[in-house]
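Residue 212 is where the sequence shown starts when you use the numbering used here, and the numbers rise one by one after that.
The beta carbon of each residue, even a glycine, is placed where N, CA and C say it ideally should be.
All of these numbers come straight from a predicted model, not from anything done at the bench.
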Amino acid sequence: MYLSTKFISKKSREEKRHLLITLGLTLFFFTCAGPEIKKEVELVWPLPPDEPRIKYLRTYESSKDVEEEKVGEKLLSALLGESELGMGLSKPYGVFANREVVIVTDTGLGRAVVFDLKNRNFFHIGTEGKGILAKPVGVAMDREGNIYISDTQQDRVVVYDRRGNYLRVIGEKGTFLQPAGIAVNDKLNRVYVVDVNRHQVLIFEKNGRLIKEIGKRGSGDGEFNYPTNIFVAPNGKIYVSDSMNFRVQIFDTEGNFIGKFGRVGDAPGMFSRPKGIGVDSEGHIYVVDAAFNNVQIFTEKGELLLFFGEMGHKPGQFWLPAGLYIDEDDKIYVADQYNKRVNVFQYLKTKNTGP
Numbered sequence: 212m213y214l215s216t217k218f219i220s221k222k223s224r225e226e227k228r229h230l231l232i233t234l235g236l237t238l239f240f241f242t243c244a245g246p247e248i249k250k251e252v253e254l255v256w257p258l259p260p261d262e263p264r265i266k267y268l269r270t271y272e273s274s275k276d277v278e279e280e281k282v283g284e285k286l287l288s289a290l291l292g293e294s295e296l297g298m299g300l301s302k303p304y305g306v307f308a309n310r311e312v313v314i315v316t317d318t319g320l321g322r323a324v325v326f327d328l329k330n331r332n333f334f335h336i337g338t339e340g341k342g343i344l345a346k347p348v349g350v351a352m353d354r355e356g357n358i359y360i361s362d363t364q365q366d367r368v369v370v371y372d373r374r375g376n377y378l379r380v381i382g383e384k385g386t387f388l389q390p391a392g393i394a395v396n397d398k399l400n401r402v403y404v405v406d407v408n409r410h411q412v413l414i415f416e417k418n419g420r421l422i423k424e425i426g427k428r429g430s431g432d433g434e435f436n437y438p439t440n441i442f443v444a445p446n447g448k449i450y451v452s453d454s455m456n457f458r459v460q461i462f463d464t465e466g467n468f469i470g471k472f473g474r475v476g477d478a479p480g481m482f483s484r485p486k487g488i489g490v491d492s493e494g495h496i497y498v499v500d501a502a503f504n505n506v507q508i509f510t511e512k513g514e515l516l517l518f519f520g521e522m523g524h525k526p527g528q529f530w531l532p533a534g535l536y537i538d539e540d541d542k543i544y545v546a547d548q549y550n551k552r553v554n555v556f557q558y559l560k561t562k563n564t565g566p
């Protein structure tokens, strides 16, 4: 069948869409012998015969992961080549998640992306007004549903409600030099912000009042050299990726130094570009290494227990991973920057003491 460009140019857009859908459906039903059956492969670490401790679950990449796309819309997008710009991830960095929502900061889009699991919805935060974002990096949510996002380009932390409406800003002009990782302690009503260029962790009350500054530039206990990410465990302990000191530092609820582990190197248990950090319900410490394209799991004493992930584009693989978050169900969310997605894994508990 031949359709001249002259004929098509006289058609309205709606007529074109109807025609293309009709043609596409006809082609689909006459060329497909039947549905393709995909065999799902279970990805676990370590490999059998060892008992699995980490299991790959899924990825979040675009609105299609939460919003049901109709068959006609899928076909139309394929036929017309219509872009889904703004409906997917571009360069995800930070991630927060619970049973109802997955929130991802996207430095490529210059906004935060919300996968609303409860309401099967997808929307953006920080696109206009006082709450507009430029280069969002860190993200956290408190028990009231307020969302905290650090913007490294505008040097501020912006607070939104659960629907993404602007509420306020934490920190006056000059408070931050480059805010990055962010975490919340609901029991103490506190917000912790890593400042990369100040080489500090700043502790605020949720209302924005600065309580304390932790650290200074250096390599001693409690000192930092370009720290990036932070995680507050349920017991209140604070874990910080001290990136250019190639280590993890641990503090108590008041910011007092407890311990550290790690050193630079390319062997298992060492660090090259440590970034995202989190702790599961049994106290195991997870550290993303962007150079190794994996996640390493340690005891609090720094003993390597297991690592998972490798360079690649397949499920469970990474290409420059960044932020990490562990939710109340021990699901592990890793922002996979250049693969434009968030990989989700599950920590599998056993009666043994370690992974």
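Where Lys346 sits in the DSSP three-state scheme: coil
query: Which stretch, first to last residue, makes up the beta strand (DSSP E) that contains Gln507?
result: 505-509
message: Can you tell me whether Ser301 is helix, strand or coil according to DSSP?
response: coil
query: Would you call Ala308 buried or exposed, if buried means 16 or more other Cβ atoms sit within 10 Å of its Cβ?
result: buried
message: Could you tell me which whole beta strand (DSSP E) segments of length 3 or greater appear in the stretch 471-500?
response: 485-490, 496-500
field: Among Phe482, Arg331, Asp538, Ile336, the one whose alpha carbon lies nearest that of Phe518
entry: Phe482
message: Is it buried or exposed, Leu258, if we count other Cβ atoms within 10 angstroms and call 16 or more buried?
response: exposed
- request: State the DSSP-derived secondary structure class of Lys275, mapped to helix, strand or coil.
  value: helix
- prompt: Secondary structure at Gly340, three-state DSSP: helix, strand or coil?
  reply: helix
query: Does the Cβ of His524 have 16 or more other Cβ atoms within 10 Å, making it buried, or fewer, making it exposed?
result: exposed
task: Helix, strand or coil for Ser452, going by three-state DSSP, please let me know.
output: strand
- prompt: Which of the three DSSP states, helix, strand or coil, is assigned to Gln411?
  reply: strand
message: Considering only the alpha carbon of each residue, which of Lys266, Asp317, Arg373 lies closest to Lys346?
response: Asp317
message: Based on DSSP bridge pairs, tell me the residues matched to Asn554.
response: Thr270, Val545
task: Return the residue from the list Ile358, Gln389, Gly356 that minimises the CA-CA distance to Gln365.
output: Gln389
field: Per DSSP, the bridge partner or partners of Asp317
entry: Pro303, Arg322
message: Only counting the same chain, and skipping five residues up and downstream in sequence, which positions put a Cβ closer than 6 Å to that of Arg373?
response: Gly356
field: CA nearest to the CA of Ala401, picked from Asn408, Met522, Ile449, Leu254
entry: Here residue 401 turns out to be Arg, not Ala, going by the sequence shown. The residue with the shortest Cα to Cα distance from Arg401 is Ile449.
- prompt: In terms of alpha-carbon separation, which member of Lys266, Pro260, Asp261, Glu262 lies closest to Gln528?
  reply: Lys266
query: To which residues does DSSP link Ile422 through a beta bridge?
result: Answer is none; Ile422 lacks a bridge partner.
field: Nonlocal neighbours in the same chain, by C-beta distance under 8 Å from Asp397, ignoring five residues either side
entry: Asp353, Arg354
message: Nearer than 6 Å: is that true of the beta carbon of Leu378 relative to any heavy atom of the ligand MG?
response: This structure lacks the ligand MG, and indeed carries no ligand of any kind.
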